[in-house]
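In the numbering used here, the protein residues as written are 3 to 121.
Data block below; observations after.
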């Protein structure tokens, strides 16, 4: 029994180290699952779109992925925008999968936040 404990500990350490391998991402990108990318994005809320299933937002550049632009982004949960008013500065997570993409985790920013967005 005593001989197997060190082997178990060594195996656990090696498995943990393999799971911590770094993945090359852009500065605001994290990869959570295979085939899925997430980006933290800042922008200005311009209202609801697509029959309320999306939000229209002007967002900053997403380095290594997309230029700053205005676009409609599908919402994972439409309740997240109920407290927003047009012109609010926001930060959210944009998740992209092989099948679709959606915004979630929407938070209001301080109104004085300087955004680099198209005019």
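Yeah, the Cβ is synthetic: ideal placement off N, Cα and C, and Gly gets one too.
For residue 82, DSSP assigns no beta-bridge partner whatsoever. Here the C-alpha atom of residue 118 lies approximately 22 Å from the C-alpha atom of residue 56. Annotation: residue 49 to residue 37 spans about 30 Å, alpha carbon to alpha carbon. Residue 110 has 92 as its beta-bridge partners, per DSSP. Per DSSP, the continuous beta strand (DSSP E) segment holding residue 75 begins and ends at 71-76. As DSSP reads the structure, residue 87 sits in no beta bridge.
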